[in-house]
Structures are given as structure tokens and as C-alpha cells.
Amino acid sequence: MASETVEAARIALRLPPFWKSNVRLWIAQCDHAFTFSGISSDDTKYSALVANLNAETLSYVSDIVLSPPNSDKHHTLSQRLITQFSDSETQKIKKLLTDLQLGDEKPSHLLRKMKELSNGELQDDFLQSLWLQRMPPHIQTFWSASSEPLDKLAIIADKVSEVVGASSTICAATTVPPLSQSSSCSAQPTMDSLARQISAKSCLYKLLN
Numbered sequence: 001m002a003s004e005t006v007e008a009a010r011i012a013l014r015l016p017p018f019w020k021s022n023v024r025l026w027i028a029q030c031d032h033a034f035t036f037s038g039i040s041s042d043d044t045k046y047s048a049l050v051a052n053l054n055a056e057t058l059s060y061v062s063d064i065v066l067s068p069p070n071s072d073k074h075h076t077l078s079q080r081l082i083t084q085f086s087d088s089e090t091q092k093i094k095k096l097l098t099d100l101q102l103g104d105e106k107p108s109h110l111l112r113k114m115k116e117l118s119n120g121e122l123q124d125d126f127l128q129s130l131w132l133q134r135m136p137p138h139i140q141t142f143w144s145a146s147s148e149p150l151d152k153l154a155i156i157a158d159k160v161s162e163v164v165g166a167s168s169t170i171c172a173a174t175t176v177p178p179l180s181q182s183s184s185c186s187a188q189p190t191m192d193s194l195a196r197q198i199s200a201k202s203c204l205y206k207l208l209n
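Each residue of the sequence shown is one higher than the last, beginning at 1 in the UniProt record's numbering.
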């Protein structure tokens, strides 16, 4: 009966598609799937990973697949995939210092990416400095001298960004008396900046009090 249960779990197992851009996270997700399905056999986990790789990926681990080790097959294959597809230390540093930008992401999401790249090897104050450099001015102004923990700052920054974004949309949609073209063009950036700063101050006060 036990063997039939294990066989049923093996057949029902569905692993996520191989995630080339984050192999460590993909393997962790697969390991959770094995645990959830009650699969503990090294051979079964190894075979499941191999079966889930496409032809291009298999070419990078062909020596292991064609001649697998006698033990720790799953670990050996996992480590090879991580080594083959993960960024080098130089690439991680480049991404951390220059490539990562806020864009349309939430501040907390950007911080998670930066922490993943730093792999716990950077002090929070230095990481905070890198993170703040990528924040809009209205967030940099209030956060640069803050003593709050970095993770808490990121969550508050999410909320401030949402409020400021909504405020900017409302301001843009509000009808105002027409000005001359030259004065309108020069005044609008200043008005937008003031609106963002007022919204940020108001939101920050509510969140911290």
C-alpha cells in the first residue's frame, strides 16, 4: 500500500518550468514540491529534475545525465545548474551597483532583489544607501536620515509611492485657469513637485504616528 501511495505521488507530481534567471529559487520550489508530494528518494527527485529540463539546458549537464554519480544525484545536478546559470560575483556586483533600477516596481520589491544579489554580504547601511539612490527625490528627502529598519522603510516607501502616485494623477486631471504657454510650462513642474512633497509628508506623518 505504501509503495502504491509513493507511486501515485510520483505520477501526480508537476514541477514548475525551469527558471533560468533564478535557478536557486526554482530548485527550492521543486524541493518544496517533493516534500508536499511525500517524495524523499534521491533517485526520484533527480529523475524528476532531469525530465523537466529542455534540450538546451540538458546540454549543460549532459555529463551528469549520461553518467550520474552513485549517490547524491539530486544535489549534484542542482549544484551544477546553479553554477552554470547563476550570475558570477562580478555580474552580481554590476547589477547591484548600476543595472537595478526602480522603474515600475515597488520600492520593497527592488530591495528584495538587491538583498538577493548581495547574498547577505553587505551591511544594511550600505545597502540602504544603494537603495535610496534609486528612489524618487520625494522619498530620498525623508528617508536619508531615518533610523527605521531598512525593511520597514521599504514598506512605508511602498505606501508613500502609492499615495503620491494617486495624488499626481488627481492633480494632472484637475482643470485650472489657462495661463500663457510659457508660464504654464515653467510652473507645472514646480506644482507637481510641491504636490508630491505635500503628499509624501502627509502620508509619512500618518504612517509614523
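Glycine is no exception: its CB is placed at the ideal position from the N, C-alpha and C atoms.
Would you mind sorting Pro149 into buried or exposed? The rule is 16 or more other CB atoms within 10 Å of its CB.
exposed
Under 6 angstroms Cβ to Cβ from residue 231, same chain only, skipping five residues before and after it: list those, please.
Past the boundaries of the shown model lies residue 231; the chain is included only from 1 to 209, so the question cannot be answered.
Assign Pro177 to one of two classes, buried (16 or more other C-beta atoms within 10 Å of its C-beta) or exposed (fewer than that).
Low confidence applies here, because Pro177 scores a pLDDT of 45, under 50, leaving its location unreliable and the question unanswered by this model.
What do you reckon, are the CB atoms on Asp72 and Asp43 nearer than 8 angstroms?
no
Would you check if the distance between the CB atom of Leu77 and the CB atom of Ile64 is smaller than 8 angstroms?
yes
Among the candidates Ala55, Ala51, Ser86 and Leu58, whose CA atom is the shortest distance from the CA of Ser21?
Ser86
Got a sec, what are the start and stop residues for the alpha helix (DSSP H) Glu56 sits in?
Ala55 to Leu58
Only counting the same chain, and skipping five residues up and downstream in sequence, which positions put a Cβ closer than 7 angstroms to that of His74?
Asp42, Lys45, Tyr46 and Leu49
Where Gln29 and Trp19 are concerned, what is the direct C-alpha to C-alpha distance, given to the nearest angstrom?
10 angstroms
Taking 6 angstroms as the limit between beta carbons, can you name the residues of its chain near Asp158, skipping five residues before and five after?
Lys106, Pro107 and Ser108
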